[in-house]
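Some notes on the structure that comes next.
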Amino acid sequence: MNLRKLAIIAILLTVFCLVVACTEGCDVVVEQPLNSLPVFHLKKNLQAADGVEMSVFQVARKVGSKYELVWSIRRADISKPIMIETITYGVVPPGFEEEPKAMPLIKGEAYDILLGRPGMSGGEIFVFKGN
24 MNLRKLAIIA ILLTVFCLVV ACTEGCDVVV EQPLNSLPVF HLKKNLQAAD
74 GVEMSVFQVA RKVGSKYELV WSIRRADISK PIMIETITYG VVPPGFEEEP
124 KAMPLIKGEA YDILLGRPGM SGGEIFVFKG N
């Protein structure tokens, strides 16, 4: 499957979760350790200590009026999500596939995080502080 088709499928899943099947949400807390890549902590809500079951995780940046996908991971079968607590940018958790591979983040740029599975979606925006 080529990159364009995979990106379209992932975007359609995200839109589906956001528009049609949004019965549950989650929170994303972004940690940016000094001289390190961002770490994303996934929680059902800000008070929860556990992760969330997810099938798709994407990072994109807005370029003009469009979004450029800079990293995406997904389950081969999106109907079978996996419990995830933490994701480090560019590190593929077991059970996920990566496409596209993580592109370098640009210091000072804003990035959108989108994640979901059928019936759940979440997201966050962060500005990369740089290495």
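Numbering (this note's numbering), first residue to last: 24 to 154. Glycine residues also receive a C-beta, built at the ideal position from the N, C-alpha and C atoms. Remember, it's a predicted structure, so these values are computed and weren't measured experimentally.
Is the distance from the Cβ of residue i to the Cβ of residue j below 8 Å?
i, j, result
"residue 96", "residue 119", "yes"
"residue 130", "residue 151", "yes"
"residue 51", "residue 111", "no"
"residue 108", "residue 64", "yes"
"residue 99", "residue 134", "no"
"residue 79", "residue 139", "yes"
"residue 76", "residue 101", "no"
"residue 113", "residue 60", "yes"
"residue 126", "residue 93", "yes"
Residue i by DSSP, collapsed to three states: which one?
i, result
"residue 38", "Since pLDDT at residue 38 reaches only 49, below the 50 mark, its modelled position is unreliable, and the value read off the structure follows with that caveat. Three-state result, residue 38: helix."
"residue 129", "coil"
"residue 57", "coil"
"residue 151", "coil"
Looking only at DSSP bridge pairs, what is residue i linked to?
i, result
"residue 145", "138"
Unbroken stretches of the alpha helix (DSSP H), 4 residues or longer, contained in the region 59–127: none
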